[in-house]
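Undergrad: Residue numbers (our numbering): 45 to 627.
Glycine residues also receive a C-beta, built at the ideal position from the N, C-alpha and C atoms.
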């Protein structure tokens with residue numbers, strides 16, 4: 045699970061002119077443009093978009109921009125020179141000004157529409173027109189597609205200004221939320237969890253907007269004041285930004301026959317998704333019906349693996365609507381996310397999220413999103429074939445989600461516990477104990493990875509005394525030790541004790557590869573973006589360095605600062621223990 049990219053890769057892209065040579069705009073060149081769109085991209089007021097896959101939009105640049113951070117890891121993977129992040133033309137482009145980009149780059153970006161489903165229920169009332177035709181990328185503007193070493197990447201400005209989907213909002217992201225998303229994407233990639241990637245982060249030294257947020261030390265559930273915050277633009281990158289909600293939009297239109305091209309537009313977006321995200325696993329020469337079956341199966345595999353990975357590292361998406369579910373099967377949209385500290389199956393960082401999106405309910409939420417994904421594809425598949433076996437296969441793929449999710453979860457829990465196979469009794473006992481004590485989720489599993497002889501090391505993860513629980517914990521640990529010992533195998537040659545020692549070391553090493561030591565706790569983030577708001581980005585960059593090595597045994601200073609329990613004084617504090625939708 046550990047990601048350790050080679051940072052010695054020589055740079056092949058040193059200037060914006062070099063990057064321009066890699067441009068390749070598949071979405072806008074192959075899909076349908078909104079026929080009501082303005083060719084010049086000056087399209088920043090809320091309106092209904094009835095047809096088409098995208099709207100050309102000029103991003104709105106931020107003024108007096110300043111560099112905050114870039115992803116050295118991702119730059120090096122792409123072959124970008126680090127110096128490029130500081131260059132004037134690169135900063136200009138990724139701060140929203142496309143007016144002077146070199147050819148064949150284009151001077152207009154694009155935004156896309158999508159539908160909304162919450163936990164498997166279709167909604168339209170979030171659209172200001174009550175039709176579903178005004179919902180989509182309200183402040184996200186894609187500005188470039190490139191192909192590098194055979195891999196296509198789409199680059200999208202978060203906070204790039206208003207689009208027709210802005211629903212009356214200002215189209216901006218603030219530095220606080222931009223720091224959170226930038227670092228979260230860096231952290232999740234390093235944790236080995238599929239995710240959109242961070243490219244760069246810039247802030248305006250003059251542009252400000254008002255946002256609701258919490259007073260210092262507030263224990264209110266929702267923000268209790270408005271504050272003035274600096275606007276920022278972060279660039280996130282992914283093979284595509286196609287969401288389940290995007291497919292739903294076209295699936296609904298086809299199902300309701302809203303316009304003559306509805307079914308054709310659904311087919312085009314589905315085939316485009318396959319080309320962009322699944323071209324390596326779906327033969328392009330197959331018929332569309334066969335492709336749909338393979339797509340559904342492949343997405344099911346990716347989505348179940350993704351959610352198992354989320355739970356492995358303690359991540360809770362918070363708001364796992366279908367529009368926040370990437371059809372490519374990776375983590376997308378870091379709004380009210382959080383990492384579980386005090387273990388609870390019902391951990392939910394978002395005050396508006398409810399238990400249906402809570403930590404250990406994420407598998408069920410994913411199943412609901414997969415159901416909506418299949419519902420969106422159904423009109424197309426039905427139009428292509430009347431063969432009962434094909435339609436039956438599709439239904440079997442849909443209904444098989446729960447079983448595959450359970451298999452992924454059991455494999456994940458077994459790996460966290462250092463076992464070859466899942467043991468339900470052991471796991472159920474542990475889950476009960478972790479909730480009763482309670483324990484810090486990350487610290488507990490990391491300490492368990494040292495294969496302790498007694499519960500002493502595990503107590504580092506306990507929030508409060510475990511009076512009356514020591515004997516129960518010791519009994520559980522003994523049960524676990526017997527299972528770990530039996531799964532480590534016996535020596536066939538050489539000294540038995542030495543072989544056992546090596547086997548224990550191997551188990552510990554494997555466990556440490558799946559149980560991180562460092563996670564992006566909200567109370568680490570809060571002082572980082574607070575200092576950044578005063579122009580000091582040192583803590584942001586320090587967190588970036590630490591969180592891109594989450595499995596490593598770092599320095600004693602790092603361990604003392606970032607491998608510890610949440611201070612009691614920070615419990616139930618707004619913006620640290622819980623938050624409303626981050627913007």
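Which whole-angstrom value is the C-beta distance of residue 237 and residue 276, which I expect to be below 8 Å?
TA: No, residue 237 and residue 276 are not in contact; Cβ-Cβ is about 24 Å, not under 8 Å.
Undergrad: List, from N- to C-terminal side, the alpha helix (DSSP H) runs of 4 residues or more that fit wholly inside the segment 444-513.
TA: Within the segment 444-513, the complete alpha helix (DSSP H) runs of at least 4 residues are 445-460, 468-480 and 485-492.
Undergrad: Just the Cα atoms here: how many angstroms apart are residue 324 and residue 480?
TA: One C-alpha to the other measures close to 46 Å.
Undergrad: Taking residue 445 as the reference, which of 364, 340 and 289 has the closest Cα?
TA: It is 340 whose Cα lies nearest to the Cα of residue 445.
Undergrad: One question on the structure: do residue 570 and residue 587 come within less than 8 Å of each other, judged by their Cβ atoms?
TA: Not closer than 8 Å, so no.
Undergrad: Output needed for residue 454: all residues of its chain with C-beta closer than 6 Å, excluding positions within five of it in sequence on either side, in chain order.
TA: The answer, listed in chain order, is 466.
Undergrad: Nearest-angstrom Cα distance between residue 301 and residue 94?
TA: The straight-line gap from Cα to Cα measures roughly 12 Å.
Undergrad: Using CA atoms only, rank isn't needed, just tell me which of 58, 102, 74 and 85 is closest to residue 140.
TA: For residue 140, the nearest C-alpha among the options comes from 102.
Undergrad: Which whole-angstrom value describes the C-beta separation of residue 295 and residue 423, a residue pair presumed to lie in contact below a C-beta threshold of 8 Å?
TA: About 6 Å; that satisfies the 8 Å criterion.
Undergrad: Taking the straight line between their C-alpha atoms, what separation do you get for residue 393 and residue 432?
TA: About 44 Å.
Undergrad: Might you give, ordered along the chain, the residues of its own chain that have their beta carbon closer than 7 Å to the beta carbon of residue 157, omitting 5 neighbours on each side?
TA: Taken in chain order, the residues that qualify are 93, 179, 180, 209 and 293.
Undergrad: Using the Cβ count rule (16 or more neighbours within 10 Å means buried), how would you classify residue 254?
TA: Exposed, since its Cβ has fewer than 16 Cβ neighbours within 10 Å.
Undergrad: Could you tell me the distance, in whole angstroms, from the CA atom of residue 386 to the CA atom of residue 507?
TA: About 8 Å.
Undergrad: What does the Cβ neighbour count give for residue 491, buried or exposed, with the cut at 16 atoms within 10 Å?
TA: It counts as buried.
Undergrad: To the nearest angstrom, report how far apart residue 428 and residue 289 are at their CA atoms.
TA: So the alpha carbons of these two residues sit roughly 22 Å apart.
Undergrad: Provide the residue(s) that pair with residue 248 in DSSP beta bridges, ordered along the chain.
TA: DSSP, once it has assigned bridges, lists 109 as partnering residue 248.
Undergrad: Do residue 216 and residue 265 have their C-beta atoms within less than 8 Å of each other?
TA: Their beta carbons are not under 8 Å apart, which means residue 216 does not touch residue 265 by this criterion.
Undergrad: Is the beta carbon of residue 320 less than 8 Å from the beta carbon of residue 345?
TA: No, the pair does not count as a contact, with Cβ atoms beyond the cut-off.
Undergrad: What number of angstroms, rounded off, separates the C-alpha of residue 153 from the C-alpha of residue 146?
TA: Cα to Cα, the separation comes out at about 14 Å.
Undergrad: Going by DSSP, what residues sit across from residue 649 in a beta bridge?
TA: Lying before the first or after the last residue shown, residue 649 is absent from the chain, which here runs from 45 to 627.
Undergrad: In whole angstroms, what is the alpha-carbon distance linking residue 203 and residue 135?
TA: Approximately 15 Å, taken between the alpha carbons.
Undergrad: For residue 224, which three-state DSSP category applies?
TA: Residue 224 falls in the helix class under three-state DSSP.
Undergrad: Only counting runs of 4 or more residues, tell me where the alpha helix (DSSP H) segments fall wholly within the segment 103-148, in order along the chain.
TA: If we require 4 residues or more, the alpha helix (DSSP H) runs fully inside the segment 103-148 come out as 116-122 and 132-138.
Undergrad: Taking its Cβ as the centre, do 16 or more other Cβ atoms sit within 10 Å of residue 138, making it buried, or is it exposed?
TA: The residue is buried, with at least 16 neighbouring Cβ atoms inside 10 Å.
Undergrad: Looking at residue 592 and the ligand ZN, is the gap between the Cβ and the nearest heavy atom below 7 Å?
TA: This structure simply doesn't include the ligand ZN, nor any ligand for that matter.
Undergrad: Between residue 406 and the rest of its own chain, which residues show a CB-CB distance below 8 Å, the 5 nearest in sequence each way excluded?
TA: Hits under 8 Å: 351, 354, 355, 360, 361 and 364.
Undergrad: Do residue 130 and residue 207 have their C-beta atoms within less than 8 Å of each other?
TA: Not closer than 8 Å, so no.
Undergrad: Beta-carbon within less than 8 Å of residue 514's beta-carbon, same chain only, minus the 5 sequence neighbours each way: which residues are those?
TA: Excluding residues within five positions, the ones whose Cβ falls inside 8 Å are 499.
Undergrad: Quick check: the segment 105-117 against the segment 188-198, are there 3 or more CB pairs under 8 Å?
TA: Flag = no, the segment 105-117 and the segment 188-198 do not touch.
Undergrad: When we look at the beta-carbon of residue 485 and count the other beta-carbons within 10 Å, is it buried (16 or more) or exposed?
TA: So residue 485 counts as buried.
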